[in-house]
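In my numbering, the protein residues as written are 27 to 301. All residues carry an ideal CB built from backbone N, CA and C; glycine is no exception.
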């Protein structure tokens, strides 16, 4: 079987995310000033000025500086909201799958209630109520994206709690916390790990959508806010929208490729079929 880390999907996805992470890490070093500062003439096209290789927007702000600082915001929001979603989803799914009965029924209805409400619409409402900021965006995206994780974890727990190794631990007097944390959860991580990349990708896309609608943090630059600002100059400066838009597309593509590669590497059925 071909080594999983040599698959084209993981190589391309990993390289893409390394570039994005590198841009985020180097943003403060290469562009220590505020990326919202006006540094040149407005509507400077890419390749025209050496000081601004990707050009400037309609207010004279450096697009390359905004792109690199925007990578920080995208990764911060994506990773942070994914962690919030994982915490909620794992707690709800583990409790529902392990205890079953009334606990399962109640938590399943709660999950279904959240699924009936469009996640992005609920995020818009929460951010509008709580006032746009990075913290509120992370919170809003985290509490609206946990349902898929909860359903995956519930399914895994419901299956694993009937396995012999769990029954043996029960016979030895293991408590619920030990069974959940030490016995079942380590064996239920595979679908959670695979879904993490998709959670980060969805969070990045949702943050871009919120910023595009004017609900992003006004004190920072994000790819979504750059796209939103550039839409006012689509006819005369389409590059202002195309450059950050391409960054969003490539980042989400990289995350999806990594998720697919991890799914193939961690799924025993797929490993056997490729052997």
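- Listed in chain order, the alpha helix (DSSP H) elements of length 4 or more contained wholly in the stretch 75 to 161 are 89 to 125, 127 to 142 and 145 to 156.
- The C-beta separation of residue 266 from residue 259 comes to about 6 Å, placing the pair in contact by the 8 Å criterion.
- If you look at residue 44, you'll find it in the alpha helix (DSSP H) that goes 34 to 56.
- Using a Cβ distance threshold of 8 Å, residue 69 and residue 78 do not count as a contacting pair.
- Rounded to the nearest whole angstrom, the CA to CA distance from residue 234 to residue 275 is 11 Å.
- Counted as a single uninterrupted DSSP element, the stretch harbouring residue 171 is not any alpha helix (DSSP H), since DSSP gives it neither H nor E.
- Partner residues in the beta bridge of residue 64, as assigned by DSSP, are 87.
- The beta-carbon distance between residue 284 and residue 43, rounded to whole angstroms, is 7 Å. This is short enough to meet the 8 Å contact definition.
- According to the DSSP assignment, residue 217 belongs to the alpha helix (DSSP H) that extends over 215 to 238.
- A distance below 6 Å between beta-carbons, with the five flanking residues on each side excluded, links residue 166 to the following residues of its chain, in chain order: 149, 152 and 153.
- Assigned with DSSP and collapsed to three states, residue 285 falls in helix.
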